[in-house]
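**Student:** First the structure, which I've put down as structure tokens, then a few questions once you've had a look.
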Amino acid sequence: MLLFDYNFRRYNFRMVLYMLALSGIGIMAIWSATNQSTSAVRKQIMGIAIGLFLAVALSLIDYHKILSMSTMIYLACVVMLVAVLLMGTSRGIATRWIVLPVIGQIQPAEFVKIGLILFFSWYFGKYQEKKNQPSVLGLGALLFAVPAFLIFKQPNLSTTLVITVIIASVVFASGVSYKWVLGVLAVVIPAVGAIIYLLRYDMIPFIEQYQANRILAWIDPEKYAEAYYQQENSIMAIGSGQLWGKGLSNTEIASVKNGNFLIEEQTDFIFAIVGEEMGFVGALIVMGLLLVIVIECLIMASRARDLSGKLICVGMATLFAFQSFANIAVATAIFPNTGLPLPLISSGVSSLLSIYIGMGVVLNVGLQRKTREDY
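89 is the number that the working numbering gives to position 87 of the sequence shown; each next residue is one higher, with no gaps.
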């Protein structure tokens with residue numbers, strides 16, 4: 003059966019079901035985390051509905067047509083980030099949101115993740131024969147530095163780290179020489195070590211104090227107990243869920259959630275809610291679904307018709323893998339507190355829509371995968 007010149011039997015319905023399953027678990031977790039707030043749940047359901055529509059629509063559009071607009075996508079990303087700094091809305095010291103007519107409040111950095119995946123997939127696809135030339139890599143680094151700097155200035159160190167890891171994976175998957183990879187690692191690893199060391203002495207001026215405290219609390223929890231408080235309570239919540247959990251929206255006094263020991267439990271610490279109320283089994287299901295999505299993306303990357311399609315899939319796989327790991331690692335104190343959402347689970351329409359948009363393009367790459375005749 004052909005649809006829009008595609009063989010519809012190649013459509014990855016499994017991926018759609020995995021995403022909907024995670025979104026459904028997210029609704030249940032948000033319902034409980036917000037003390038059964040109908041407005042929060044309604045907003046999330048609307049985001050899922052719109053996101054699913056966009057994903058299906060984009061999955062039927064040839065991704066090459068989308069990549070042909072890569073320059074416009076990149077410029078749109080930069081314009082949105084500049085708009086955040088000039089007229090964005092703030093929460094505390096962070097300015098990360100803008101309000102658009104009709105649409106309402108959005109967080110542009112979430113959409114920029116997808117925009118940069120598309121742009122650099124096109125960029126390294128276009129220059130695949132020259133990818134090891136210093137001019138190509140240098141220009142690529144400059145083009146990445148602009149949005150990365152604008153996100154960092156919000157300030158949003160965690161998202162800056164995410165897009166750095168994502169684009170690094172795209173560059174690596176493009177087949178860049180190991181000499182460049184090893185050279186970058188030789189600089190980055192000592193630099194990170196030096197930054198962590200200097201943080202102890204308040205000698206890194208471009209990192210906010212609260213960001214430094216989160217990192218230092220991860221290294222020395224006893225000395226920075228106040229900054230570590232959230233993660234300590236998160237571990238307690240996850241452990242208290244034991245095998246089957248305490249049940250969604252439970253009213254136990256012993257519940258960490260009900261005792262208000264967590265802040266932003268519907269976003270940053272949603273995994274603590276999953277662990278406490280759905281138990282080890284529920285947490286394992288969530289991690290399993292996230293893992294199979296990453297695997298599906300990598301399988302589609304291996305079957306992509308061209309390098310750009312492969313890089314789109316690798317970029318989205320990295321986004322899912324790293325951001326999921328970071329969120330769960332924060333909830334279990336393996337990572338410093340970063341404030342990253344858990345894909346498709348955490349509350350937040352911007353994050354939700356951006357994931358569905360990115361996965362819609364991945365689904366189209368899967369529709370155009372190589373067949374036996376291509377080998």
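Glycine residues also receive a C-beta, built at the ideal position from the N, C-alpha and C atoms.
Just verifying my parser: in three-state terms, what is the DSSP assignment at Gly360?
**Tutor:** The answer is helix: DSSP assigns Gly360 an H, G or I state.
**Student:** Can you tell me whether DSSP reads Gly350 as helix, strand or coil?
**Tutor:** Three-state DSSP puts Gly350 in coil, outside helix and strand.
**Student:** Identify the continuous alpha helix (DSSP H) that holds Ala331 and give its terminal residues.
**Tutor:** It spans 309 to 333 - the alpha helix (DSSP H) in which Ala331 sits, taken as one unbroken run.
**Student:** Please state the DSSP three-state secondary structure of Ala306.
**Tutor:** Correct three-state label for Ala306: coil.
**Student:** Opposite Leu293 in the DSSP bridges: which residues?
**Tutor:** Looking at the DSSP assignment, Leu293 forms no beta bridge with any residue, so it has no partner.
**Student:** Are the CB atoms of Ile359 and Ile116 within a distance shorter than 8 Å?
**Tutor:** Yes.
**Student:** Quick one: grab the DSSP three-state call for Thr73.
**Tutor:** Thr73: helix per DSSP, three-state reduction.
**Student:** In chain order, what residues of the same chain have a beta carbon less than 6 Å from the beta carbon of Leu309, not counting five sequence neighbours either side?
**Tutor:** Correct list, in chain order: Gly127, Gln130.
**Student:** Please confirm whether Leu250 has its beta-carbon closer than 8 Å to some beta-carbon of chain D.
**Tutor:** Although the question refers to chain D, the structure presented lacks it and comprises just one protein chain.
**Student:** Could you have a look at Tyr212 and say whether DSSP puts it in helix, strand or coil?
**Tutor:** In the structure shown, Tyr212 sits in a helix (DSSP, three-state: H, G or I).
**Student:** When DSSP builds the beta bridges, which residues end up paired with Ile108?
**Tutor:** Partner(s): Ile100.
**Student:** Using only the alpha-carbon positions, how far apart do Leu22 and Val43 sit?
**Tutor:** Spanning the two alpha carbons is a distance of roughly 15 Å.
**Student:** In whole angstroms, give me the CA-to-CA distance for Gly140 and Val194.
**Tutor:** Each residue's Cα considered, the two are about 21 Å apart.
**Student:** Is Leu264 close to the ligand FMN? I mean its beta-carbon at under 7 Å from any heavy atom of the ligand.
**Tutor:** Looking at this structure, you won't find the ligand FMN or any other ligand, since it has none at all.
**Student:** Would you kindly check if the distance between the Cβ of Pro345 and the Cβ of Trp220 is under 8 Å?
**Tutor:** Their beta carbons are not under 8 Å apart, which means Trp220 does not touch Pro345 by this criterion.
**Student:** By a C-beta neighbour count over all protein chains shown, 10 Å radius and 16 as the cutoff for buried, is Asn9 buried or exposed?
**Tutor:** Exposed, by the Cβ-count rule.
**Student:** Which residues in the same chain have their Cβ closer than 6 Å to the Cβ of Ile75, if we skip the five residues on either side of it in sequence?
**Tutor:** If we look at Ile75 and ignore the five residues flanking it on each side, its Cβ neighbours are Gly117, Leu120, Phe121.
**Student:** Tell me which same chain residues have a C-beta within less than 8 Å of the C-beta of Asn158, skipping the five on either side of it?
**Tutor:** Correct list, in chain order: Ala96, Arg98, Ala111.
**Student:** Alpha carbon to alpha carbon, what distance is there between Ser179 and Gln46?
**Tutor:** If I take the Cα positions, the gap works out to 43 Å.
**Student:** Is the beta carbon of Phe271 sitting closer than 8 Å to the one on Ser236?
**Tutor:** Yes, the pair counts as a contact, with Cβ atoms nearer than the cut-off.
**Student:** Going by other Cβ atoms of all chains shown within 10 Å of its Cβ, with 16 needed for buried, is Ala31 buried or exposed?
**Tutor:** By the 10 Å Cβ count, Ala31 comes out buried.
**Student:** For a quick check, are the C-beta atoms of Val172 and Gly317 less than 8 Å apart?
**Tutor:** Yes.
**Student:** List, from N- to C-terminal side, the alpha helix (DSSP H) runs of 4 residues or more that fit wholly inside the region 178 to 207.
**Tutor:** Runs found: 180 to 201.
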